[in-house]
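Report on the following structure.
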Amino acid sequence: MLRTPRAGRRWPTRVGAGAVLALLAVGGCSTGAAADDGRGPFGVTSVAAPTGPHARVGALFPADRAARLPGGHFCTASVVHSPGRDLIVSAAHCLDGEDDLVFVPGYRDGRAPYGVWTVTRRYLSDAWTSGEDADADVGFAAVAARADGGIEDVVGANRLVTGTETGADPVTVTGYPDSREVPVACTARAAVHSRTQQRIDCPGFTGGTSGSPWVTADGRVVGVLGGYQQGGATADVSYSVVLGPQAAGLYRVAEAGAR
Numbered sequence: 003m004l005r006t007p008r009a010g011r012r013w014p015t016r017v018g019a020g021a022v023l024a025l026l027a028v029g030g031c032s033t034g035a036a037a038d039d040g041r042g043p044f045g046v047t048s049v050a051a052p053t054g055p056h057a058r059v060g061a062l063f064p065a066d067r068a069a070r071l072p073g074g075h076f077c078t079a080s081v082v083h084s085p086g087r088d089l090i091v092s093a094a095h096c097l098d099g100e101d102d103l104v105f106v107p108g109y110r111d112g113r114a115p116y117g118v119w120t121v122t123r124r125y126l127s128d129a130w131t132s133g134e135d136a137d138a139d140v141g142f143a144a145v146a147a148r149a150d151g152g153i154e155d156v157v158g159a160n161r162l163v164t165g166t167e168t169g170a171d172p173v174t175v176t177g178y179p180d181s182r183e184v185p186v187a188c189t190a191r192a193a194v195h196s197r198t199q200q201r202i203d204c205p206g207f208t209g210g211t212s213g214s215p216w217v218t219a220d221g222r223v224v225g226v227l228g229g230y231q232q233g234g235a236t237a238d239v240s241y242s243v244v245l246g247p248q249a250a251g252l253y254r255v256a257e258a259g260a261r
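Mapping of the sequence shown onto my numbering: residues 3 to 261, in sequence order.
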């Protein structure tokens, strides 16, 4: 099931295979409070608390909905650490479209407690833009800074980490169903779907939750809802690309280009 409606194609910054670098982790030390502790109850989806960790997760909107947010969000994204302090990560199929976008961290009931942030650049791999490869369904975007700094200065950030063994640690998945005006969250342990895809059993992750980060208790993003079937054919089983060298290389390009 496609977890978000797609607009017409927009050709964002493209990344060739030569740009892919192998590394185990990207980003620096943990910034701000850790994510949920991952101790359960496992497999239960509920409204996410308006805490610091959840403030790093937000909803994506078409830019023309910036002044009328309720009912306009279509995907989820989250802030990841970068030297430029202005990067978000989402599913590639959320960022690949014609519409200009805004990101609203901590969005809840029509309110933008941390402001509305304009997406200025998008970073997708050639594997996605040339063929919509399910194993490349992860992307990054830069958002414009404000007078009070970058988005990371305002809400903090989690660390994007690649090369993590699937299921090594419980993760909390937080996302915005397009039928609701509040985020939902579920903690569970991911399982191997294939060499390049991982899955998690959490109910209620319907349309709009594409791009939801999979975050460990110590603030590592080890998955992004998307990938196989662009996130899953049912609301109760969700998928993510296994974050490996391709995601790491794309992050490096986004980090360099977003400064």
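Glycine included, C-beta positions come from ideal geometry on N, C-alpha and C.
Counting only unbroken stretches of 3 or more residues, the beta strand (DSSP E) elements lying wholly within the region 123 to 198 are 141 to 145, 173 to 177, 186 to 190, in sequence order.
The DSSP assignment places 94 to 97 as complete runs of the alpha helix (DSSP H) inside the region 66 to 120, in order along the chain (cut-off: 4 residues).
In the DSSP assignment, residue 227 forms a beta bridge with 242. Counting the other Cβ atoms within 10 Å of the Cβ of residue 132 gives fewer than 16, which makes it exposed. Restricting attention to 74, 188, 201, 162, the CA atom closest to the CA of residue 247 is found in 162. Between the alpha carbons of residue 85 and residue 236 lies a distance of about 37 Å. Where residue 217 is concerned, there is no enclosing alpha helix (DSSP H), although the beta strand (DSSP E) around it starts and stops at 215 to 217. Using a C-beta cut-off of 8 Å, the region 196 to 209 makes contact with the region 170 to 185, since at least three inter-stretch Cβ pairs fall below that distance. A contact between stretches requires three or more CB pairs, one per stretch, nearer than 8 Å, and the region 214 to 231 meets this requirement with the region 160 to 176. In this structure residue 203 touches residue 45 by the C-beta definition: roughly 6 Å separates them, less than 8 Å. Contact between residue 65 and residue 97 does not hold, since their C-beta atoms are separated by about 13 Å, which reaches or exceeds 8 Å.
Rounded to whole angstroms, the Cβ separation of residue 123 and residue 144 is 5 Å, and the two are in contact under 8 Å. Within a 10 Å sphere around the beta-carbon of residue 141 sit 16 or more other beta-carbons, which makes this residue buried. Taking a C-beta distance under 7 Å as the contact criterion, residue 81 and residue 194 do not qualify as a contact pair. Residues 60, 62, 79, 90, 119, 121, 145 of the same chain have their beta carbon placed closer than 7 Å to that of residue 105, with the five preceding and five following residues left out of the count. Taking a 10 Å sphere around the C-beta of residue 151, we find fewer than 16 other C-beta atoms and assign the residue as exposed. Measuring C-alpha to C-alpha distances from residue 256 to each of 125, 135, 130 identifies 125 as the nearest. Setting aside the 5 residues that flank it on each side, residue 57 is surrounded in the same chain by 107, 108, 116, 157, each with a C-beta closer than 7 Å to its C-beta; the list follows chain order.
Rounded to whole angstroms, the Cβ separation of residue 225 and residue 200 is 6 Å, and the two are in contact under 8 Å. In this structure, the beta-carbon distance from residue 198 to residue 244 falls below 7 Å. Nearest C-alpha to residue 137 among 68, 231, 238: 231.
Shortest Cα-Cα distance from residue 139 to any of 76, 218, 254, 227 involves 227. With a 10 Å radius around the Cβ and a threshold of 16 neighbouring Cβ atoms, residue 73 comes out exposed. Where residue 64 is concerned, the enclosing beta strand (DSSP E) starts and stops at 59 to 64. For the options 112, 54, 191, the alpha carbon positioned closest to that of residue 241 is the one of 191.
Between residue 205 and residue 50, the C-beta gap is not smaller than 7 Å, which leaves the two residues out of contact. DSSP, reduced to helix, strand and coil, places residue 255 within a helical segment of the structure shown. CA-to-CA, the gap between residue 92 and residue 43 works out to about 26 Å.
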